[in-house]
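The UniProt record's numbering applies: residue 1 is where the sequence shown begins, and numbers increase by one.
Glycine included, every Cβ here is placed at the ideal spot set by N, Cα and C.
To start, the structure under review is shown below, and the notes come after it.
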Amino acid sequence: MKSININVDQETYKVEQPVATINIYKIIHPKGLCEITRNRYSGKWKVLLQSDYATDFPLGSIGKAIEENLGVVN
Numbered sequence: 001m002k003s004i005n006i007n008v009d010q011e012t013y014k015v016e017q018p019v020a021t022i023n024i025y026k027i028i029h030p031k032g033l034c035e036i037t038r039n040r041y042s043g044k045w046k047v048l049l050q051s052d053y054a055t056d057f058p059l060g061s062i063g064k065a066i067e068e069n070l071g072v073v074n
């Protein structure tokens with residue numbers, strides 16, 4: 001399992017990739033957690049599962065950090 005911490009707008013998000021060969025990432029934050037993936041054709045990030053829908057995760061910034069630090073499985 002790969003894991004990194006990402007700082008976006010004074011907030012820290014922990015990102016985990018449970019399986020290195022699968023394009024699913026778990027974001028852990030004190031306000032909640034979610035699982036995201038990247039569409040391999042369009043390149044857009046989307047939420048698969050979210051614990052609290054009132055929490056708004058900055059997917060663009062987190063996705064860019066994932067691409068730079070963990071890499072994306074196509």
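Where residue 79 and L49 are concerned, what is the direct C-alpha to C-alpha distance, given to the nearest angstrom? What is shown of the chain runs 1 to 74, which leaves residue 79 out entirely.
Pull up the distance between the alpha-carbon of S51 and that of C34, whole angstroms please. 6 Å
Bridge partners for I27 per DSSP, in chain order? V15, C34
Coarse secondary structure for N69, derived from DSSP in three states: helix
Under the three-state DSSP convention, the category K44 falls into: coil
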